[in-house]
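Worksheet for the structure shown next.
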Amino acid sequence: MAGEMVWIDLEMTGLDLEKESIIEIATLVTDAELNITATGPNLAIKVSEDLIAGMDEWNTKHHHSSGLVERIRKEGVTLEDAIEQTCEFLKENIETGTAPLCGNSIHTDRTFLAKEMPEVLELLHYRIVDV
Numbered sequence: 084m085a086g087e088m089v090w091i092d093l094e095m096t097g098l099d100l101e102k103e104s105i106i107e108i109a110t111l112v113t114d115a116e117l118n119i120t121a122t123g124p125n126l127a128i129k130v131s132e133d134l135i136a137g138m139d140e141w142n143t144k145h146h147h148s149s150g151l152v153e154r155i156r157k158e159g160v161t162l163e164d165a166i167e168q169t170c171e172f173l174k175e176n177i178e179t180g181t182a183p184l185c186g187n188s189i190h191t192d193r194t195f196l197a198k199e200m201p202e203v204l205e206l207l208h209y210r211i212v213d214v
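Given below as structure tokens:
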């Protein structure tokens, strides 16, 4: 395994790192030519109803219309389970410490990962690819 790239997409209840939380994580691995080599879990993450009710207008509309809020309520996993499943997937598909974190506006996602899922970041290279 060489040249892997880890693509992570998060959804959060908002962008305020101090009060918002991750509510979805999806992960996949590509080779350096962007061919998908492994598709990881796409997990809705349980949060309190108060946090869902407190989302701003954009997040409320987006996360309800996409079905994410319903998924959280019906099949949401704990944050700990999401960390465990994501780390297990990464350990099976990349060499620890070699694959950069990739995604769109990934700087924001990285700050939430550092706060709530540092175990995931520990498996990745320090470099990022923001597209």
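Residues 84 to 214 in our numbering are what the sequence shown spells out, letter by letter.
We treat Cβ as the ideally placed atom computed from N, Cα and C, and that holds for glycine.
This structure is a prediction, so every number in the text was calculated from the model and none was measured.
Requested in this report: Would you check if there are 3 or more beta carbon pairs closer than 8 angstroms linking the segment 191-205 to the segment 164-179?
Outcome: Yes: the two stretches touch, three or more of their Cβ pairs being nearer than 8 angstroms.
Query raised in the report: Just how far apart, CA to CA, sit N96 and E103?
Result: Reading the sequence as shown, one finds Thr at residue 96 and not Asn. Rounded to the nearest angstrom, the two C-alpha atoms are 5 angstroms apart.
Report task. Kindly indicate the opening and closing residues of the beta strand (DSSP E) around P124. Result -> Where P124 is concerned, the enclosing beta strand (DSSP E) stretches over I119 to A127.
Requested in this report: Assess, as a yes-or-no matter, whether the segment 139-148 is touched by the segment 119-130 under the definition of 3 or more beta carbon pairs within less than 8 angstroms.
Outcome: Contact between the segment 119-130 and the segment 139-148 is not established, with fewer than three Cβ pairs separated by less than 8 angstroms.
Query raised in the report: If you draw a straight line from the alpha carbon of N176 to that of R156, how long is it in whole angstroms?
Result: In a straight line, the C-alpha of N176 is about 30 angstroms away from that of R156.
Requested in this report: Just tell me which of I106, L111, L126 and T110 has its CA closest to the CA of E132.
Outcome: Closest by alpha carbon: I106.
Report task. From the DSSP output, read off the bridge partner residues of A217. Result -> Nothing can be reported for residue 217: it is not among the residues displayed for the chain, which extend from 84 to 214.
Query raised in the report: Taking the Cβ atom as the reference point for each residue, do T113 and F172 lie within a distance shorter than 9 angstroms?
Result: Contact flag unset, no.
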